[in-house]
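Down below is the structure, laid out as C-alpha cells.
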Amino acid sequence: MDNITHTLTGAIASKAGPGHHHTRLVFWILILAANIPDIDFLLQFFGDRIFYMEQHRALSHSFIFAPFFAAFIAYILKLTVKGIDFRLVFMYTIIGIIIHIFFDLITSFGTMIFYPITNARYTLDLIFIIDPWLTGSLIVFLIFGRKFKQHRRKIIWGGIAFVLVYFILAFTNREIVRTNVEDYFAGYGIQYNKMIVLPQPFAITNWMVAVETDDAAYQIFTNSFESPDNYVLLDYPLPEPNQFIHAAKETDEVEFFKWFARMPVYDYYNDNNGSHIVEFYDLQFVFNPELARRFNAPSRAPFVLQLTFDDDANLIDSEF
C-alpha cells in the first residue's frame with residue numbers, strides 16, 4: 002500500500018482509542034509506526050536488485066518481529082524524548098506496525114508475515130497497491146472527525162467500519178470474477194494448473210485473471226459486471242524447449258524469480274549479436290494493453306529477468 006494511505010491509517014488509529022489518548026504524542030507515534038516498516042527501502046542502497054527484492058517486506062513486515070521492532074522504537078524514543086511512557090509508546094507503536102503489515106497484506110505484491118521462520122509471501126489480493134477510493138474515504142472521515150469533535154470517536158469508528166465493508170465488497174467482486182472466469186474456461190475446455198485473480202487500478206470492480214496450462218498462459222482483464230461473452234483472452238504460448246531454456250531454469254536467478262513471481266512466463270529469442278536470450282516476466286505486472294496504449298506506458302514492467310547465453314548455453318549475463 003502507498004505511504005499516503007499508511008499515514009492516513011495511522012491518523013485514523015490515533016483517534017480511535019480512549020479520549021484521553023487523543024494527544025499529539027499518540028498521533029505522531031502512530032503516524033511513524035504506520036510507515037516505519039517501509040524503512041527496508043534503504044536496503045536497495047546496500048546490495049543489488051535481487052537482494053532488495055528478497056528482503057523487501059521481510060523482517061520489517063513480519064508479525065513475528067513486530068514486538069521486537071516496536072520495543073526498539075519505544076526504547077529509542079524513551080531515551081530521546083523526556084517524560085515518555087515506554088508502555089504507552091510500545092502499545093501504539095506495535096498497533097501502527099501491525100496496521101501497516103495488514104494493509105500491505107491486502108495488496109497483491111506479497112508480504113513475508115512469518116519471516117524469518119519462512120520466506121513465503123502471503124497476500125489477500127483484495128486492493129490494488131494504490132486505491133484512490135480507499136484513500137479518499139479515509140481523508141473524508143478524518144476531516145469530518147476534526148470538524149465534529151464532539152462526535153469524533155463515533156465518526157472514526159464509522160470510518161473503520163466502512164473500510165471493513167469495503168474489503169468485504171472487494172472480496173465479493175473478486176469471487177464473482179473468479180466464478181465467471183472458471184465457467185468461461187470450462188466452456189472452452191481449457192484445463193489449467195493454476196489461477197490468480199488480482200486487483201487492478203481505479204476500482205474494486207476491476208480485476209486481472211491469469212491461468213497457467215502445460216504449454217501456455219492466458220490472461221483476462223475484466224470487471225465484475227462484464228459478461229464472459231465479452232472477454233478478451235490474451236495468450237502467452239511458451240516456446241519450444243531447448244538447451245538455453247533448460248540452462249536458464251537451472252540458474253539461481255530463475256529459482257529466485259519463480260519464488261518472487263505470481264505467474265511467471267518466459268520467451269526465447271536471438272538478439273542482433275547472435276546471443277541467445279531467455280526472458281522471464283510475471284503476468285502480475287503486465288499492464289492492461291488497452292490502458293498501456295491510452296497512457297503510452299510499457300505493458301510488461303517492471304520486473305523482467307533477462308539471461309543471455311552463448312552458442313554453448315554458457316551464461317554470459319543476467320539482469321533485472
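Counting from 2, one number per residue, gives the positions in the sequence shown under the working numbering. Ideal Cβ placement from N, Cα and C applies to all residues, glycine included. For clarity, every value in this text was computed on a predicted model and none was experimentally measured.
What do you reckon, is the C-beta of isoleucine 98 under 7 Å from a heavy atom of the ligand PLP?
In the structure shown, the ligand PLP is absent, as is every other ligand, since no ligand is present at all.
Phenylalanine 257 to glutamate 251 span [Cα, whole Å]
11 Å
Taking C-alpha atoms, which residue in Phe245, Lys259, Pro265, Ala249 lies nearest to proline 238?
Pro265
Of the residues Ser319, Phe104, Leu9, which one's Cα is nearest the Cα of glycine 146?
Leu9
In chain order, what are the residue ranges of uninterrupted beta strand (DSSP E) at least 3 long that sit wholly in the stretch 181-209?
195-200
For the beta strand (DSSP E) holding glutamine 56, just list the boundary residues, first then last.
Note, glutamine 56: premise wrong, no beta strand (DSSP E); alpha helix (DSSP H) at 50-56.
Separation of isoleucine 156 from isoleucine 85, as counted between CA atoms
29 Å
Among the residues of its own chain, which have a CB less than 6 Å from the CB of glutamine 220, if the five just before and after it don't count?
Ala211, Leu235, Leu284
Buried or exposed for tryptophan 134, please, with buried defined as at least 16 other CB atoms from any protein chain shown within 10 angstroms of its CB.
exposed
If we cut at 8 Å on Cβ distances, does serine 109 have a partner in chain B?
Absent here is chain B; the protein component of the structure consists of one chain.
Do you know offhand how far valine 305's Cα is from glutamate 280's?
7 Å
Per DSSP, cross-strand counterpart(s) of valine 279
Tyr269, Leu308
Residues that tyrosine 219 bridges to, as DSSP identifies them:
Val212, Asp236
I'd like to know whether the C-beta atoms of tyrosine 93 and leucine 139 end up nearer to each other than 8 Å.
no
Spell out the partners DSSP gives aspartate 318 in its beta bridges.
Thr309
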